Amino acid sequence: MLSNKRRDTGPELAVRRALHAAGFRYRVDHRPSLELRTRADIVFTRQRIAVFIDGCFWHGCPVHATSPKRNSGYWGPKLERNVERDLETTSRLEALGWLVLRFWEHEEVEAVVEAIAAAWRARTG
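Here the sequence shown stands for residues 6 to 130, numbered as in my numbering.
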């Protein structure tokens, strides 16, 4: 697990490059709220938007998630807890007034950027 990166993954970098090229400025790997330990991949602090680009394996993608065959007694609960933590994080941030956007790593970059841009425009007024 040491080789798994917490930030700067390929899908995350692709979305960040496209957002930056479109003129958006944001914080990277940032804690939206000091009350939570969670760090969002992309954060627009003024608009209070937290963006998460979730990996299919680690976060239980309904399309691409797989169940490990080896050491399933360890991996099963760990991966289930990741999904639970994602739901908890989303609900806690929303309770604090944040808009939480979650995308899967396999989603098209252009579609992700357009969804983020629309949310940003809606929050900017």
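All C-beta atoms in this analysis are idealised placements derived from N, C-alpha and C, irrespective of residue type, glycine included. Keep in mind the model is a prediction, meaning the values are calculated, not measured.
Distance, residue j Cα to residue i Cα
{"i": "L84", "j": "A55", "result": "22 Å"}
{"i": "R51", "j": "V118", "result": "18 Å"}
{"i": "L24", "j": "D91", "result": "23 Å"}
{"i": "K74", "j": "W63", "result": "15 Å"}
{"i": "S77", "j": "T14", "result": "25 Å"}
{"i": "R22", "j": "Y79", "result": "36 Å"}
Helix, strand or coil at residue i [DSSP, three-state]
{"i": "R107", "result": "strand"}
{"i": "R32", "result": "strand"}
{"i": "A55", "result": "strand"}
{"i": "H69", "result": "coil"}
{"i": "S96", "result": "helix"}
{"i": "A123", "result": "helix"}
{"i": "A19", "result": "helix"}
{"i": "G102", "result": "coil"}
{"i": "E26", "result": "The residue asked about is misnamed: residue 26 is Ala in this sequence, not Glu. If DSSP states are grouped into helix, strand and coil, A26 belongs with the helices."}
Residue i: first and last residue of the uninterrupted alpha helix (DSSP H) it sits in
{"i": "A45", "result": "No alpha helix (DSSP H) contains A45, which is instead part of the beta strand (DSSP E) from 45-49."}
{"i": "T14", "result": "Careful: T14 lies outside any alpha helix (DSSP H) and carries neither H nor E."}
Proximity of residue i and residue j at Cβ, strictly below 8 Å
{"i": "W109", "j": "D46", "result": "no"}
{"i": "V20", "j": "V105", "result": "no"}
{"i": "S72", "j": "G81", "result": "yes"}
{"i": "W125", "j": "F29", "result": "yes"}
{"i": "T94", "j": "L41", "result": "yes"}
CB contact below 8 Å: residue i versus chain E
{"i": "R36", "result": "Judged by its chain identifiers, the structure shown contains no chain E, having just a single protein chain."}
Nearest residue (CA-CA) to residue i, options the options
{"i": "R44", "options": "A122, G130, R107, E112", "result": "R107"}
{"i": "Q33", "options": "V68, L101, L18", "result": "In the sequence as displayed, the identity of residue 33 is Val instead of Gln. Taking only the C-alpha atoms, the option nearest V33 is L18."}
{"i": "I121", "options": "R36, R53, R11", "result": "R53"}
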